[in-house]
Amino acid sequence: MRLAQDLTEGLRVSWGALRANRLRSGLTMLGVIIGVITVTLMGAAIVGLNRAFLSSISSLGTDVLYVQKFPWFERLDWSQVRNRRDLTLRDARSIARLSTLARAVAPQAITLRPVAYGSRSATGVQICGGGADTALVGGLSITSGRFLSPYEIDGARPVCVIGAALAEKFFPRESPLGHRLRIAGQQYEIVGVLDRIGEFLGIVNFDNRVIVPVTRYFTDIERWPNIDILVKVADMSQMDETIEELRGIVRRLRRIPPGQPDDFAINRQELFLKSFRKLSAMIATAGFCITGLSLFVGGIGIMNVMFVSVAERTREIGIRKAVGARRRTILTQFLIEAALISLAGGAVAIGLALPIVLVMRQWFPASISPPVAALALGISALTGILSGLLPAWRAGSQNTVDALRHE
Amino acid sequence: MITLRQVSKVYPMGAENVHALRQIDLEISRGEYVAIMGPSGSGKSTLMNLLGCLDTPTSGVFELNGVNVGELDDNQLADIRNREIGFVFQTFNLLPRSNSLHNVELPLIYAGVPAIERRQIALDTLAGVGLADRASHRPNELSGGQRQRVAVARALVNRPSILLADEPTGNLDSKTGQEIMALFDELWRQGNTLIVVTHEESIARHARRILRLLDGRIASDESLDPAGPP
């Protein structure tokens, strides 16, 4: 096997050459290290972001339709739509009554308010007005106690269900059930505690919330009676039919004449996902282009050093060719040298990126996975080989007679 | 073994062409000991490069063991050099970072000989030039004569058809030079074909045949008395 011989001899020679020029090799490697670190960190951030987003959004469920005033993604002329009518609790009740394809319907209104218990208080708590089916629609489960009952919703009772984070904060040692929270000056009795959900990007903590009867919500907390209506689809295969039925119902409720456009929107999380994927792909492309530049600079460094290395070793190339080295053999030798520099750089970079990612995690959901690491190594090897190609080609094509005379 | 018919070599030099060799006819058979002499610019280096398959003729035919070298591509030339030619240079041309053993192994590596076998052959060949105890020394740890012996070992290690030496004593003092020439004489007696390029009459006298070049032509081709050198 001549190729095997070429490779082992190439490795031997390259290793010797790199060791002989430690400082130069090290500095060249530094360029690659910086490049690979930035690319790896970018990759880690994007993977982490995607993972965090998907796990957060999947907790919302893909089988839920959102009947709202405005669509999530379509761009509308604001002057045309700003006067759209509100969606009311009555609309929600009507939908629940009329729909045959919906499994459950829940009204939802959300705001942020401070919450207090005794002398303790928490700010920025998500206060959510919900119905009896909010737990079913939102896929929420209860750790202790129970969810809001239809009776409490209809009677606008001052009761609430709280998230796991809030329960821990206010009641570290005792059960929260039966205690009263103060929200917007009113007392709410805690009847249940939700299971832990987790947070999203460290911005929204889904466990830091309170769910109160939506009827109560509109007397105590918010006066503007606009809600979102969440509809859980009974059969995912009948998604389109359910959307059409919903449209019909809401149009009828609002008495929209045929031919007139909807003055509401039915949003789907799937579309949200789709547009998120588009966005994250854009961020990834832009990010890799920018960080790729630094890797490119590292590659140029390798190319430079390889040209110097080839020039320095012209005589050696001549000797090798005189005793029978083929063009390919010389080419392989210098390619290996370039790849070795960048692979070693890549390995060091991954070693350095790991702790950086661990530190980043304090604030940001970064994640460095074996595929990302493998990709980084692959990219660095590729960088080396691509930047080594031209110098190696020049080395292999040297005229033997001239190379031997080279001083 | 070596046949040159009407071989010319022309180098373009600016607007003019330099005729380094003009219609050379030459035959060298196996087992000959030939010296090539001539003043600088006479074309002896060019002839040596052609005979060593480092270069190909501009016109004419150069056959080595029945193969027309002019028709070979780069890779085939490399293989021919590897198998058929052993080079000894004036400046030794050893790899400075490699020890003697590895320098001698080099042609075997390119011939694809497996490592263990390679090492044994290289050690034997080093022993043959009297350097068995210098295998792990680098060129800068050896004297000039020792370096040239390593180079000779490297040239011999693939059992080539021809040993080509270009001013092999040019960088050595006269005593060491005589030692190297004694080694060459010994190699010739063992049946090797030797071609030595030199401008020193005393070195050329070791050979059995002296070719004198002048202005790219063979000026004389003289066979020496078979009794051998003093």
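Protein sequence lines, in the order shown, are assigned to chains A and B.
Everything in the first sequence is counted per my numbering, starting at 91 for the first residue and increasing by one.
Everything in the second sequence is counted per my numbering, starting at 30 for the first residue and increasing by one.
Backbone N, C-alpha and C fix where the C-beta goes; we use that ideal spot for every residue, glycine too.
Given a limit of 9 Å on CB to CB distance, which residues of the stretch 140 to 152 of chain B reach chain A?
Against chain A - using a Cβ distance shorter than 9 Å - the residues of the stretch 140 to 152 of chain B are Ala140, Gly141, Val142, Pro143 and Ala144.
Pick from A/Arg175, A/Thr130, A/Arg165 and A/Gly138: whose alpha carbon is nearest that of A/Asp353?
With distances taken between Cα atoms, A/Asp353 lies closest to A/Arg175.
Looking only at C-alpha atoms, which of A/Gly408, A/Ala466 and A/Ser184 sits nearest to B/Ala107?
When only C-alpha atoms are compared, the closest one is A/Gly408.
Considering only the beta carbon of each residue, do A/Gly391 and A/Gly121 sit closer than 8 Å?
For A/Gly391 and A/Gly121, yes; Cβs fall inside 8 Å.
With a threshold of 8 Å, are at least 3 pairs of Cβ atoms found where one atom belongs to the stretch 355 to 372 of chain A and the other to the stretch 102 to 118 of chain A?
No: the two stretches stay apart, fewer than three of their Cβ pairs being nearer than 8 Å.
Below 8 Å CB to CB, which residues in the same chain sit around B/Lys204 once its five sequence neighbours on both sides are set aside?
So no residue of the chain qualifies.
For the beta strand (DSSP E) holding A/Ile232, just list the boundary residues, first then last.
Where A/Ile232 is concerned, the enclosing beta strand (DSSP E) stretches over Ile232 to Gly235.
Check each residue of the stretch 172 to 197 of chain B: if its Cβ is closer than 8 Å to any Cβ of chain D, include it; give the result in chain order.
You won't find chain D in this structure, because its protein chains are A and B.
Using 8 Å as the threshold, is the stretch 92 to 112 of chain A in touch with the stretch 138 to 154 of chain B, meaning 3 or more CB pairs across them?
Segments in contact, yes.
Against A/Thr490, what residues of chain B qualify as contacts under a CB-to-CB distance less than 7 Å, listed in chain order?
Within 7 Å Cβ-Cβ: Leu83.
Is the beta carbon of A/Gly382 sitting closer than 8 Å to the one on A/Val126?
Not closer than 8 Å, so no.
What would DSSP say about A/Gln423, mapped onto helix, strand or coil?
A/Gln423 falls in the helix class under three-state DSSP.
As a quick exercise: from A/Ile301, A/Gly133, A/Gly106 and A/Ala246, pick the residue whose alpha carbon is nearest that of A/Ala376.
When only C-alpha atoms are compared, the closest one is A/Gly133.
Would you decide whether A/Met326 is buried or exposed? Buried here means 16 or more other CB atoms lie within 10 Å of its CB.
It counts as exposed.
Quick one: is B/Lys38 buried, meaning 16 or more other Cβ sit within 10 Å of its Cβ, or exposed?
Buried, since its Cβ has 16 or more Cβ neighbours within 10 Å.
So, helix, strand or coil for A/Glu497, using DSSP?
In this structure, A/Glu497 counts as coil in the three-state DSSP scheme.
Is it the case that the stretch 482 to 496 of chain A contacts the stretch 442 to 458 of chain A, given that we only count it when at least three CB pairs across the two stretches are under 8 Å?
Judged by Cβ distances under 8 Å, the stretch 442 to 458 of chain A makes no contact with the stretch 482 to 496 of chain A, as fewer than three pairs qualify.
Is the Cβ of B/Leu55 closer than 8 Å to any Cβ of chain A?
It does not; no Cβ of chain A falls within 8 Å.
Go through its chain and collect everything with a Cβ distance to A/Arg203's Cβ below 7 Å, but skip five positions before and after it.
Counting only Cβ-Cβ distances below 7 Å, and skipping sequence neighbours, we find Val215, Ile217, Ile273, Ala274 and Ile311.
Reducing DSSP to helix, strand and coil, say where B/Ile239 ends up.
In this structure, B/Ile239 counts as strand in the three-state DSSP scheme.
Quick check on the burial criterion: 16 or more other C-beta atoms within 10 angstroms. Buried or exposed for A/Ala464?
The residue is exposed, with fewer than 16 neighbouring Cβ atoms inside 10 Å.
B/Leu76 CB to nearest chain A CB: under 8 Å?
No, B/Leu76 does not count as interfacial toward chain A.
Count the other C-beta atoms from every protein chain shown that fall within 10 angstroms of the C-beta of A/Tyr137, then say buried if there are 16 or more, exposed otherwise.
According to the sequence as given, residue 137 of chain A is Val; it is not Tyr. Label assigned to A/Val137: buried.
Would you check if the stretch 236 to 245 of chain A and the stretch 326 to 346 of chain A touch, i.e. whether three or more CB-CB distances between them fall below 8 Å?
No, they do not touch.
Check B/Lys73 in the structure and name its three-state DSSP category.
In the structure shown, B/Lys73 sits in a helix (DSSP, three-state: H, G or I).
Would you mind stating whether A/Glu242 and A/Val251 have Cβ atoms separated by less than 8 Å?
Cβ atoms of A/Glu242 and A/Val251: not closer than 8 Å.
If the cut is a Cβ gap below 7 Å, which residues of chain B does A/Glu99 touch?
Under the 7 Å cutoff, chain B gives Ile138.
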